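Trainee: Residue numbers (my numbering), protein chains in the order written: chain A, 8 to 124; chain B, 8 to 124.
All C-beta atoms in this analysis are idealised placements derived from N, C-alpha and C, irrespective of residue type, glycine included.
Values in this document were obtained by computation on a predicted structure and should not be read as measured data.
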DNA sequence: GTTCCATATCGATGGTCATCTATATACATA
DNA sequence: TATGTATATAGATGACCATCGATATGGAAC
């Protein structure tokens, strides 16, 4: 890309000095950033991060009733966190009678993980 | 770990049925989760995620004056985002005269990246 | 010294968040 | 049908967030 000289500080431009190397536009476009930031935001709470950690450790699906006693929060608050994770597309759930089973959606963390590494 | 039978629903316990496999405690402990969630939270905004993307593309340090025109936000708002990233330990800055240079701290994203993959 | 510039901070605003208690929902048991 | 149980939703509260315009800071140029 070219440099818009209007963006280079005037006082230094006269002396031919630049503040730094030409800037590089983000490789990550706005839409990619929105998608990945949504996932990162959902992981930006320690309880949700631990929830995802527990769910990922299980091959199968985990009952909410097993998750509640792991955390020092009320059941509605846990339910709220699970909803946040579901809204972010990280987990999904399945109902069987009274019980609800949650699991991590395969590849849900793939894009963010790839960008991070 | 052992299962606390008090946590297993009573109606099903009588029949010997379990809701799911025994739960596994998070491998990620509270302190690890706090640390990683702090990083994830800082990346949980599309502008900050793009900022980190731009900074990572540069070997050296990038002047704030080059960053401002890349985003459709005011200079104070950009400054606020850079502060958030610095508070999260993701970036650091250096002043030279009027200009401020930001760069990604090596390995700042390492722990979260490793956990994600 | 005075003016100009890049960046950071301040103060306000409207929105979102995590959490709780209380309640609803929907299924199971007796 | 009546009662109990697992989960979700509703409503409230106090804290935090992204954003802005205005201003402060502190260095550079004239």
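Which residues mark the beginning and the end of the alpha helix (DSSP H) in which residue 46 (chain B) is found?
Mentor: The sequence position of residue 46 (chain B) within the second chain is 39, counting from 1. Taken as a continuous stretch (DSSP letters only), the alpha helix (DSSP H) holding residue 46 (chain B) covers 37-49.
Trainee: Could you name the residues of chain A that residue 86 (chain B) contacts, counting a contact when the two beta carbons are closer than 9 Å?
Mentor: Position 79 of the second chain holds residue 86 (chain B). Going along chain A, no residue has its Cβ under 9 Å from residue 86 (chain B), so there is no contact; the nearest lies around 16 Å.
Trainee: Measuring only between beta-carbons, confirm whether residue 83 (chain A) sits less than 7 Å from chain B.
Mentor: The sequence position of residue 83 (chain A) within the first chain is 76, counting from 1. Not one chain B Cβ lies under 7 Å of residue 83 (chain A).
Trainee: Between B:74, B:124, B:109, B:29, which lies nearest to residue 66 (chain B) when the distance is taken from Cα to Cα?
Mentor: For this step, residue 66 (chain B) is matched to residue 59 along the second chain. Closest by alpha carbon: B:109.
Trainee: In its own chain, which residues sit with a C-beta less than 7 Å from the C-beta of residue 62 (chain A), not counting the 5 before and 5 after it?
Mentor: For the purposes of this step, residue 62 (chain A) is taken as residue 55 along the first chain, with counting starting at 1. Contacts found: 69, 98, 109, 110, 111.
Trainee: Taking any Cβ of chain B, which residues in the segment 29-54 of chain A have a Cβ under 7 Å from it, in chain order?
Mentor: Per Cβ criterion, the list reads 30, 31, 32, 33, 34, 35, 37, 40, 41, 43, 44, 47, 48, 50, 51, 52, 53.
Trainee: Do we get a CB-CB distance below 7 Å when we pair residue 100 (chain A) with the residues of chain B?
Mentor: Sequence index remark: in the first chain, residue 100 (chain A) carries index 93 (1-based). Chain B has no Cβ within less than 7 Å of the Cβ of residue 100 (chain A).
Trainee: Here's the rule: buried if 16 or more other CB atoms are within 10 angstroms of the residue's CB, otherwise exposed. What is residue 57 (chain B)?
Mentor: Locating residue 57 (chain B) in the second chain gives position 50, where the first residue counts as 1. When all chains shown are included, residue 57 (chain B) counts as buried.
Trainee: Kindly list the residues whose CB is nearer than 7 Å to the CB of residue 105 (chain A), restricted to its own chain and excluding five residues on each side of it in sequence; keep chain order.
Mentor: On the first chain, position 98 is the one that residue 105 (chain A) refers to. Excluding residues within five positions, none has a Cβ falling inside 7 Å.
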